[in-house]
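Written out below as structure tokens is the structure these notes cover.
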Amino acid sequence: VRKNRMSRYFAWTLLAAALTIHPLAAAEPEARATLSRPDGKPADQTKKVKVFILMGQSNMVGMGDIEPADKPGTLTTLTRTDKKYPYLLDDAGQWTVRKDVCYYDARMRKGGPLTATSNGRSIGPELGFGFVLGQLLDEPVLVLKSCIGNRSLGWAMAELLQAMN
Numbered sequence: 023v024r025k026n027r028m029s030r031y032f033a034w035t036l037l038a039a040a041l042t043i044h045p046l047a048a049a050e051p052e053a054r055a056t057l058s059r060p061d062g063k064p065a066d067q068t069k070k071v072k073v074f075i076l077m078g079q080s081n082m083v084g085m086g087d088i089e090p091a092d093k094p095g096t097l098t099t100l101t102r103t104d105k106k107y108p109y110l111l112d113d114a115g116q117w118t119v120r121k122d123v124c125y126y127d128a129r130m131r132k133g134g135p136l137t138a139t140s141n142g143r144s145i146g147p148e149l150g151f152g153f154v155l156g157q158l159l160d161e162p163v164l165v166l167k168s169c170i171g172n173r174s175l176g177w178a179m180a181e182l183l184q185a186m187n
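All residue numbers for the sequence shown refer to our numbering, where the first residue is 23 and numbers rise by one.
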């Protein structure tokens with residue numbers, strides 16, 4: 023019975039996500055909302071934190087290179103040379119910081135405000151995901167990433183709780 027209930031819950035969640043995303047995906051390119059630079063303000067701490075868990079194995083690690091600036095496809099080249107993703111750079115050309123989105127990597131046991139260098143010298147799905155959520159939500163956001171094989175959600179939460187103590 024429990025397995026069937028979980029299957030229905032999962033199906034309804036996917037349906038709700040599809041219905042929410044579909045109108046955005048179908049919009050004309052000029053009608054789509056663009057991300058703006060973070061305002062530099064921390065989130066309203068009187069509101070409940072929205073927690074999003076990104077779990078996977080090697081697919082979740084993030085293998086997108088930030089440097090070097092002269093290599094095609096790196097984040098530095100895409101933002102500074104190709105002028106894409108302007109919300110990732112401030113007026114001085116430095117990486118912007120989302121102070122309303124906290125990022126914690128259970129594998130590396132480190133966290134802090136979300137920025138392009140939160141994951142070290144590479145980027146993963148947490149960067150785009152966190153920037154979108156930071157713009158869409160008024161509540162504080164926590165993006166918890168766990169990208170270690172053979173680990174459960176309980177392990178990732180225990181790592182987060184241990185880091186908070």
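The beta-carbon is built from N, C-alpha and C at its ideal position, and this holds for glycine as well.
Buried/exposed call for residue i, threshold 16 Cβ in 10 Å
i, result
"Leu118", "The question names Leu, yet the displayed sequence has Thr at residue 118. Buried, because 16 or more other Cβ atoms sit within 10 Å of the Cβ of Thr118."
"Asn172", "exposed"
"Gly6", "As shown, the chain starts at 23 and ends at 187. That puts residue 6 outside it, with no answer to give."
"Ala47", "A caution first: Ala47 carries a pLDDT of 49, below 50, which makes its placement in the model unreliable, though a value can still be read off. Burial call: exposed."
Separation of residue j from residue i, as counted between CA atoms
i, j, result
"Met82", "Thr96", "18 Å"
"Gly84", "Lys69", "30 Å"
"Tyr107", "Ser140", "17 Å"
"Glu161", "Pro64", "10 Å"
Endpoints, beta strand (DSSP E) assigned at residue i
i, result
"Ser168", "163 to 168"
"Met130", "Neither: Met130 is in no beta strand (DSSP E) and is coded neither H nor E."
"Met77", "72 to 77"
Nearest neighbour of residue i, chosen from the options [CA to CA]
i, options, result
"Cys124", "Ser174, Leu164, Thr99", "Leu164"
"Asp61", "Glu148, Arg120, Ile170, Lys93", "Arg120"
"Tyr109", "Ala91, Gln184, Arg59, Ala65", "Arg59"
Integer-rounded CB distance, given that residue j should sit under 8 Å from residue i
i, j, result
"Ala138", "Lys167", "So it is not a contact: roughly 15 Å between Cβ atoms."
"Gly78", "Cys169", "6 Å"
Boundaries (first-last residue) of the alpha helix (DSSP H) holding residue i
i, result
"Pro147", "147 to 158"
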